[in-house]
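Beneath this line is the structure, given in structure tokens, with notes to follow.
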Amino acid sequence: QCLLPAAARLHLRKIGHSAGLAFAPHIIKLHAAVREGAYEDEGWQDLRSALVFEYAPHNLADILEFGPLSETIARSLFAQLLDALNYLHGRNIIHRDIKPQNLLFDSHFALKICDFGLSTKVTGDGHPKTVCGSDSFKSP
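Heads up: the sequence shown begins at 122 in the numbering used here, then just goes up one per residue.
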């Protein structure tokens, strides 16, 4: 039995995170969904829940505060990012919010893409029907 609210279940199903991305390279792994109880917000009643992901304590934005990356490290991270995006795009999933804060690192400094809140699965012509993302990181 899924413990997530209907909207969260629909989104996870839409992008395939609950199944297809479970073993994807460089994609944050979803371990569990936990129900915490009911709450009411602006007249809506729903179950409060939490998603439990694998531990990834660092993000690229925090690391860049210490200065630029060496070329060797930047190449390695870029290769991991391309590997993850290739995996997603091969399954018709677009993230739509790639930015330093959404690039996490596990304890071995392996790259993990997170925050699939704006992601979508494209069909037909392969183009999304809406434009979204963080303004500072969107393409022109």
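Quick reminder that beta carbons are idealized off the backbone N, C-alpha and C, glycines included.
What you are looking at is a predicted structure, and each value in this text was computed from that prediction instead of being measured.
Exposure label - residue i; buried when at least 16 CB within 10 Å
i: Gly210; result: Contrary to the premise, residue 210 reads as His rather than Gly in this sequence. Classification for His210: exposed.
i: Asn207; result: exposed
i: Ala140; result: Because Ala140 sits at a pLDDT of 49, beneath the cut-off of 50, its placement in the model cannot be relied upon, and the point is left open.
i: Gln122; result: Unreliable placement is indicated for Gln122, whose pLDDT of 39 sits below 50; no coordinate value is reported for it.
i: His152; result: exposed
i: Leu225; result: buried
i: Ser191; result: exposed
i: Ser240; result: buried
i: Ala182; result: exposed
i: Phe230; result: exposed
Sheet register partners of residue i (DSSP bridge)
i: Asn180; result: Leu225
i: Val155; result: Ala171
i: Thr85; result: Examination of residue 85 is not possible in this model, given that the chain is present from 122 through 261 alone.
i: Ile148; result: Ile234
First and last residue of the uninterrupted alpha helix (DSSP H) at residue i
i: Leu198; result: 192 to 211
The beta strand (DSSP E) enclosing residue i, as first and last residue numbers
i: Lys233; result: 232 to 234
Cβ pair residue i, residue j closer than 7 Å
i: His147; j: Ala200; result: no
i: Asn223; j: Val243; result: no
i: Leu232; j: Leu198; result: yes
i: Asp227; j: Ala177; result: yes
Contact set for residue i: own chain, Cβ-Cβ below 6 Å, skip 5 residues either direction
i: Gly245; result: none
i: Cys235; result: Ile149, Asn223, Leu225
i: Ala145; result: Tyr208
Sequence-distant residues of the same chain with beta carbon closer than 8 Å to residue i, five excluded per side
i: Val173; result: Leu151, His152, Ala153, Ala154, Val155
Residue i Cβ short of 6 Å to the ligand NAP heavy atom set
i: Ser197; result: For the ligand NAP, the structure offers nothing, since it holds no ligand at all.
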